[in-house]
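Just so you know, the sequence shown maps onto residues 41 to 168 in this note's numbering. Ideal Cβ placement from N, Cα and C applies to all residues, glycine included. Reading through the structure tokens given below for one structure.
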Amino acid sequence: MANINSGTIKSVLSLTSRNVTNDILNLKVNDTLVVLEDVVQKRVVLSTTASLIVAAADFSKSYVFVNNVSTTSITLVRSNNGDEYMHLAPGQWSWFPWSCSVDLMAETTNHLQTPTLEVMIFELGHNN
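Next up, the structure:
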């Protein structure tokens with residue numbers, strides 16, 4: 041696990057397409073995040089039972105980046121055998137706000153291929 045110095049992060053999401061639907065899709069969202077705490081970066085090797093990625097008690101409101109760097113699918117779950125809230129196929133990633141009300145956990149159906157989830161936590165340093 042590595043900690044990176046805090047600072048300002050500029051996030052940009054841009055979706056552009058001419059033929060996803062009959063309508064032209066052109067969406068761009070910009071946001072600037074002030075990260076008051078160190079950014080935590082780590083890789084977690086998963087098993088077929090839910091592995092703790094990050095404990096909620098260790099953070100305040102944050103943004104989370106998860107990236108499936110393995111060749112097998114990964115599921116983010118609420119608890120062991122709990123509700124599934126995200127499925128990442130190989131190579132897929134996600135960026136989402138996290139209120140730190142529940143622990144972040146993940147599991148896989150195939151532990152033989154060393155499924156690995158890259159995680160970065162951008163802690164805002166406040167609960168608003």
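From the options, residue whose alpha carbon lies closest to that of residue i
i           : options               : result
residue 96  : 133, 67, 148 and 143  : 143
residue 93  : 115, 55, 48 and 76    : 115
residue 125 : 117, 71 and 57        : 117
residue 139 : 103, 123, 127 and 159 : 103
residue 77  : 98, 69 and 150        : 98
Distance CB(residue i)-CB(residue j) smaller than 9 Å
i           : j           : result
residue 134 : residue 162 : no
residue 53  : residue 67  : yes
residue 108 : residue 129 : yes
residue 51  : residue 72  : yes
Residue range of the beta strand (DSSP E) that includes residue i
i           : result
residue 162 : 156-163
residue 79  : 79-85
residue 49  : 47-57
residue 66  : 65-75
Cβ separation of residue i and residue j, assumed to be a contact under 8 Å, to the nearest whole Å
i          : j           : result
residue 83 : residue 156 : 5 Å
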